[in-house]
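Peer 1: Numbered continuously in the working numbering, the sequence shown closes out at residue 152.
For every residue, glycine included, the Cβ atom is placed at its ideal position computed from N, Cα and C.
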Amino acid sequence: TTTAQPIGIKAISFLPRFILQYEKNGYFLQTQTGADFRLSPTGLVSLHWIIRTGYSTGKIYADVMFEFFRSINAGVDNSVTGGEGASWGRIGGTFYVQLNKSFGVFTGVAYNVSGRNIGLAGRVTAGLVYRWDRRPTTP
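#1: Using a Cβ-Cβ cut-off of 7 Å (strictly less than) and excluding sequence neighbours within five positions of Pro29, which residues of its own chain qualify?
#2: Is it right to say Gly105 is buried, meaning 16 or more other beta carbons lie within 10 angstroms of its own, or is it exposed?
#3: Terminal residues of the continuous beta strand (DSSP E) containing Thr75?
#4: Go through its chain and collect everything with a Cβ distance to Ser26's Cβ below 6 Å, but skip five positions before and after it.
#5: Could you pull out every residue in the same chain whose Cβ sits closer than 6 Å to the Cβ of Thr14, ignoring the five residues on either side in sequence?
#6: Applying the criterion that 16 or more other CB atoms from any shown protein chain within 10 Å of the CB defines a buried residue, is Trp101 buried or exposed?
#7: Answer with buried or exposed for Leu133, where buried requires no fewer than 16 other C-beta atoms within 10 angstroms of its C-beta.
#8: Excluding the 5 residues flanking Phe108 on each side, which residues of the same chain have their C-beta closer than 6 Å to its C-beta?
#9: Return yes when at least one heavy atom of the ligand NAD lies under 8 Å from the C-beta of Phe27, else no.
#10: Out of Lys114, Val118 and Gly56, which one is the CA nearest neighbour of Trp145?
#11: Pull the bridge partners of Val58 from the DSSP assignment, please.
#12: Under DSSP, the beta strand (DSSP E) around Trp101 begins and ends at which residues?
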């Protein structure tokens with residue numbers, strides 16, 4: 014990186030999570046919450062919460078989500094380092110389709126709809142998934 018203080022440099026972190034999910038007939042509702050404890054190089058505590066809903070079968074997956082992140086440390090307003098004083102609200106979604114027994118493809122979008130010390134930016138993702146079946150074969 015080329016900044017003086019890149020996010021995560023020499024960071025030692027502990028990220029406990031609590032996840033709760035309800036499923037019925039392929040539809041699901043999931044919530045994930047926790048606290049992020051960065052221990053080094055400086056102490057930082059933040060709260061993290063995601064709620065996600067969608068539909069999944071053996072061959073397709075689709076979801077929409079809302080993510081909330083808030084740093085407990087007040088921090089100073091800056092546009093370079095993020096971290097201290099950062100907070101954001103993000104919306105997004107993912108779509109996956111299985112192509113055959115071994116491969117699938119996915120695409121996703123997300124956008125920071127609000128925030129402090131974070132850019133109000135969007136992202137688009139795409140990828141290829143390889144499913145590695147390591148089950149032993151029977152003769």
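Peer 2: In terms of the structure at hand:
#1: Gly47 and Ala48
#2: buried
#3: According to the sequence provided, residue 75 is Ala. The question's Thr does not apply to it. Per DSSP, the continuous beta strand (DSSP E) segment holding Ala75 begins and ends at Ile73 to Ser84.
#4: Arg51
#5: Annotation note: pLDDT 45 at Thr14 (below 50); position unreliable, coordinate value reported separately. Excluding positions up to five away in sequence, the list is empty.
#6: buried
#7: exposed
#8: Ala75 and Thr120
#9: What this structure holds is no ligand at all, so the ligand NAD is not there to describe.
#10: Lys114
#11: Phe50
#12: Ser100 to Gln111
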